[in-house]
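**Student:**
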Amino acid sequence: MYLAALPEGQLATITEIAEQFNIPRNHLMKVVHQLGKLGYVTTLRGPKGGICLKKDPSDILLSTLVKDFEVRLDPINCDTPPCPMNGGCELKHAMLKAQQAFLNALDNYTVASLVKNPGKLVDVVRIE
């Protein structure tokens with residue numbers, strides 16, 4: 012959302028984002044690296060480097076982002092360790108249904124829809 016709110020062509024740095032949102036820099040570097048591998052951001056090295064969105068924010072569905080970014084979406088694992096109620100319980104089925112409803116709801120949102128008023132967002136997070 013932060014990158015989507017930036018004026019077109021403006022780059023952000025990992026340090027800037029880490030400080031703005033109080034995120035450990037090392038953790039953010041891993042997140043940005045993964046977003047780059049997935050094709051969501053472009054990273055430019057060097058003194059004038061930074062990161063920016065590679066895709067148009069209106070083309071980034073939140074459901075796709077979650078599915079791409081999360082290694083595992085299983086709400087529960089009945090096999091490890093083996094659950095004694097496995098086979099006679101419907102909890103996993105209910106949780107999978109709830110998870111699908113969650114992802115379906117996220118289908119209605121893009122990154123752009125979350126920053127409908129970038130000017131206001133820029134003021135709130137002090138983007139310069």
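The opening residue of the sequence shown carries number 12 in my numbering; numbering runs sequentially from there.
Cβ coordinates follow ideal geometry from the N, Cα and C atoms, glycine included.
Distance, Cα to Cα, residue 21 vs residue 59?
**Tutor:** In the sequence shown, the residue the question calls residue 21 occupies position 10. In the sequence shown, the residue the question calls residue 59 occupies position 48. Cα to Cα, the separation comes out at about 11 Å.
**Student:** Run the CB neighbour count on residue 82, radius 10 Å, all protein chains shown included, and call it buried at 16 or more, exposed below.
**Tutor:** Here residue 82 refers to the residue found at position 71 when the sequence shown is read from its first residue. With fewer than 16 other Cβ atoms within 10 Å, it is exposed.
**Student:** Measure the alpha-carbon distance for residue 33 versus residue 66 and round it to whole angstroms.
**Tutor:** Here residue 33 refers to the residue found at position 22 when the sequence shown is read from its first residue. Here residue 66 refers to the residue found at position 55 when the sequence shown is read from its first residue. Between residue 33 and residue 66, the C-alpha separation is close to 25 Å.
**Student:** State the DSSP-derived secondary structure class of residue 5, mapped to helix, strand or coil.
**Tutor:** Residue 5 is absent from the model: the chain starts at 12 and stops at 139.
**Student:** Tell me which residue opens and which closes the beta strand (DSSP E) that residue 61 is part of.
**Tutor:** Here residue 61 is taken as the residue at index 50 of the sequence shown, counted from 1. Where residue 61 is concerned, the enclosing beta strand (DSSP E) stretches over 61-64.
**Student:** Output the boundary residues of the alpha helix (DSSP H) element that contains residue 71.
**Tutor:** Start at 1 with the first residue of the sequence shown, and residue 71 comes out as number 60. Here residue 71 belongs to no alpha helix (DSSP H), and DSSP marks it neither H nor E.
**Student:** For residue 23, list the residues DSSP reports as bridge partners.
**Tutor:** For the purposes of this step, residue 23 is taken as residue 12 along the sequence shown, with counting starting at 1. Answer is 62, bridged to residue 23.
**Student:** Can you give the Cα-Cα distance for residue 13 and residue 122, rounded to whole angstroms?
**Tutor:** The sequence position of residue 13 within the sequence shown is 2, counting from 1. The sequence position of residue 122 within the sequence shown is 111, counting from 1. One C-alpha to the other measures close to 10 Å.
**Student:** Excluding five sequence neighbours on each side, which residues of the same chain lie with their C-beta closer than 7 Å to the C-beta of residue 46?
**Tutor:** Residue numbering aside, residue 46 sits at position 35 when the sequence shown is read from its first letter. Hits under 7 Å: 52.
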